[in-house]
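In the working numbering, the protein residues as written are 163 to 232.
Positions of the beta carbon are idealized from the N, C-alpha and C atoms, including for glycine.
First up is the structure itself, then whatever we jot down about it.
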């Protein structure tokens, strides 16, 4: 899932409208859905970056960054 420039423009447009005049129920639901998609795309992007990080140890060896899951 990727966020397009049009999606970001629509999110910003709805934000400005919410501050100026308020949103209809349909617009509020659209805004919530677009924000959810945006956050998910940013999360996926960050996860992709972190999955490719490698750490160089003091002895010169390189290993992938490990997840700190509890």
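When the options are compared against residue i, the one with the closest alpha-carbon
i, options, result
"residue 177", "191, 210, 214", "191"
"residue 210", "179, 229, 185", "229"
"residue 214", "206, 221, 231", "206"
Whether residue i touches residue j by CB criterion (8 Å)
i, j, result
"residue 227", "residue 217", "yes"
"residue 165", "residue 203", "yes"
Residues of its chain near residue i, where Cβ-Cβ distance is below 8 Å and the 5 sequence neighbours each way are ignored
i, result
"residue 196", "169, 172, 173, 176"
"residue 182", "none"
Cut-off 6 Å between Cβ atoms - residues of its own chain near residue i, not counting five sequence neighbours on either side
i, result
"residue 224", "216, 218"
Alpha-carbon to alpha-carbon, residue j and residue i
i, j, result
"residue 187", "residue 201", "21 Å"
"residue 167", "residue 198", "16 Å"
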